[in-house]
Amino acid sequence: MPAMDRRTALGILAVAPAAPVVAACARTEPSPTSTEEAALAAQDVVRDVAPLGSPWETLDPFLFCVHHDDAYPAGNERMGPAASLAGRAIGRDFAGKDGWRMYHGDVVPGFPQHPHRGFETVTVVRRGLIDHADSLGAAARYGRGDVQWLTAGSGIVHAEMFPLVERDAPNPLELFQIWLNLPRADKLADPRFVMMWGDTIPRQLVRDAAGRSTEITVVAGRFGELRPPAPPPRSWAARADADVAIWTLKMAPGARFALPAASPGTSRALYFFRGSALRVGARRVPAGQRITLRDGAAALLENGPDEAEILLLQGRPIGEPVAQHGPFVMTSMAEVQQAFLDYRRTGFGGWPWPSDDPVHARAEGRFARYPDGRTETAG
Numbered sequence: 015m016p017a018m019d020r021r022t023a024l025g026i027l028a029v030a031p032a033a034p035v036v037a038a039c040a041r042t043e044p045s046p047t048s049t050e051e052a053a054l055a056a057q058d059v060v061r062d063v064a065p066l067g068s069p070w071e072t073l074d075p076f077l078f079c080v081h082h083d084d085a086y087p088a089g090n091e092r093m094g095p096a097a098s099l100a101g102r103a104i105g106r107d108f109a110g111k112d113g114w115r116m117y118h119g120d121v122v123p124g125f126p127q128h129p130h131r132g133f134e135t136v137t138v139v140r141r142g143l144i145d146h147a148d149s150l151g152a153a154a155r156y157g158r159g160d161v162q163w164l165t166a167g168s169g170i171v172h173a174e175m176f177p178l179v180e181r182d183a184p185n186p187l188e189l190f191q192i193w194l195n196l197p198r199a200d201k202l203a204d205p206r207f208v209m210m211w212g213d214t215i216p217r218q219l220v221r222d223a224a225g226r227s228t229e230i231t232v233v234a235g236r237f238g239e240l241r242p243p244a245p246p247p248r249s250w251a252a253r254a255d256a257d258v259a260i261w262t263l264k265m266a267p268g269a270r271f272a273l274p275a276a277s278p279g280t281s282r283a284l285y286f287f288r289g290s291a292l293r294v295g296a297r298r299v300p301a302g303q304r305i306t307l308r309d310g311a312a313a314l315l316e317n318g319p320d321e322a323e324i325l326l327l328q329g330r331p332i333g334e335p336v337a338q339h340g341p342f343v344m345t346s347m348a349e350v351q352q353a354f355l356d357y358r359r360t361g362f363g364g365w366p367w368p369s370d371d372p373v374h375a376r377a378e379g380r381f382a383r384y385p386d387g388r389t390e391t392a393g
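When you read off a place in the sequence shown, starting at 1, and then add 14, the result is the number in my numbering.
Structural data, given as structure tokens:
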């Protein structure tokens, strides 16, 4: 993630131990026969393979994805690292010294207040916690399997801080932040977010003929009978014909899994971010690669000798121009310039917090407080 002024930081963030299994472990779709598997294994279903960069490149309707994986130490009295910050470029620390980064934080790691307009952030937290605060007066603490789906729409300012709540133990943090575009008609939708608490996000364990498991976690889209919580109503993912899916797959060593075909015209990519080797149809792929699949193709995935993890992103392209500058994504540079003017004039509602980088009390549990005052707590 490139360094930038913290006031206009992209807020690129974008699962704690996996969420409880919501659906039954029995597969809801028939397993392919050995003949069907052999046919899938022989198919050339891969369009291209490219190394994962930073951020990860994505296909329309997605803008990009960032994978944060930081081995934070124990926290101090202010929930920052109980370690020296010497040698770090505080305010723009992305170097990964000692296995962790301060990002734009100077006391607590994370991303102090910064604006967005014209797209959505989907933040999937695998380990650790995020403290959210925004210009609508809303707040949240989430993580450990939770997902926040935020429609920036016409404009919002938010802070995303990583409180190190454990004082006598490490505070590992791992998450994806995925940027999903909005079509022109929805770019100025009212901003809002929904929380998907970890125990509401469905998972399913699928076993191959040899009993080796693949665990599918469904954040968006559908797999068999699995249905995740709904995204915000103006999201591209809220349209059934958009065929948006966000899944993670965890494959045991040697496991085989038949990935069902997406709808024709859907873009689909696999991000092989953990493991050693993977076979996708007829192609062998090393770890650390983005694998773009051919349109409408089912694919047989066969894992190598180590446990593997894969992020799947798919969706029907929006097919509109993309004009981006920093935290604003519109369809023309004139609209981007207007976004900067509007932000300077209105602050997208102003900043009602006493600091740029607010964090909640150390003992606070996982919660969300919405602009209307409604409060949720994690189950």
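The beta-carbon is built from N, C-alpha and C at its ideal position, and this holds for glycine as well.
Quick one: what's residue i bridged to in DSSP?
i	result
MET407	With the chain running from 15 to 393 in the structure shown, residue 407 is simply not present.
GLU91	GLU91 pairs with nothing; no bridge assigned.
GLU77	The sequence given here has Leu at residue 77, not Glu. Paired residue(s): none; LEU77 is not in a bridge.
ILE104	Answer by DSSP bridge pairing: none, since ILE104 is not bridged.
ASP160	ASP160 pairs with nothing; no bridge assigned.
ILE170	HIS130
LEU219	GLU229
GLU316	ARG270 and ARG293
PHE237	LEU240
LEU143	GLY157
THR165	GLU134 and ARG206
GLU71	PHE78
Thinking C-alpha only, which one of the options is nearest residue i?
i	options	result
ALA234	TRP163, VAL294, ALA88 and ARG221	TRP163
GLY340	HIS128, ALA100 and PRO123	HIS128
HIS81	LEU325, ALA353 and GLY379	LEU325
MET292	ASP370, VAL63 and TRP193	It is worth fixing the name first, because residue 292 is Leu in this sequence and not Met. When each option's Cα is compared against that of LEU292, the closest is VAL63.
GLN191	ALA301, GLY105, GLU229 and ILE144	ILE144
ARG388	ALA312, ASP182, VAL208 and ARG241	VAL208
GLU323	MET347, ASP309 and SER290	SER290
ALA283	ALA311, ALA296, ALA266 and MET265	ALA311
GLY394	MET210, PRO366 and PRO368	As shown, the chain starts at 15 and ends at 393. That puts residue 394 outside it, with no answer to give.
In the DSSP assignment, find the unbroken beta strand (DSSP E) run with residue i in it and report its ends.
i	result
ARG359	Here ARG359 belongs to no beta strand (DSSP E); instead the alpha helix (DSSP H) covers 347 to 360.
ASP62	60 to 65
TYR285	281 to 288
ILE192	185 to 195
GLY124	124 to 130
ASP120	Careful: ASP120 lies outside any beta strand (DSSP E) and carries neither H nor E.
GLU390	389 to 391
THR306	303 to 307
HIS374	Careful: HIS374 lies outside any beta strand (DSSP E) and carries neither H nor E.
GLN338	337 to 339
With distances taken between CB atoms, is the gap from residue i to residue j smaller than 8 Å?
i	j	result
VAL373	MET175	yes
LEU150	GLY363	yes
TRP70	ARG304	yes
THR137	VAL161	yes
GLY279	ARG226	no
ARG206	GLY169	no
LEU73	TRP193	no
ALA152	ARG383	yes
ARG140	LEU66	no
ALA166	THR135	yes
VAL59	ARG308	yes
ARG297	TYR156	no
GLY142	PRO186	yes
Check whether the segment 335 to 353 and the segment 253 to 265 touch, using three or more Cβ-Cβ pairs below 8 Å as the test. They do not touch, by the three-pair rule.
Count Cβ pairs between the segment 311 to 322 and the segment 271 to 290 that sit closer than 8 Å; are there 3 or more? With the cut-off at 8 Å, the segment 311 to 322 and the segment 271 to 290 touch.
Check whether the segment 110 to 119 and the segment 207 to 222 touch, using three or more Cβ-Cβ pairs below 8 Å as the test. Too few Cβ pairs lie closer than 8 Å, so no.
Contact the segment 79 to 97 vs the segment 199 to 208: 3+ CB pairs below 8 Å: Taking one beta carbon from each stretch, the segment 79 to 97 and the segment 199 to 208 have fewer than 3 pairs nearer than 8 Å; the two do not touch.
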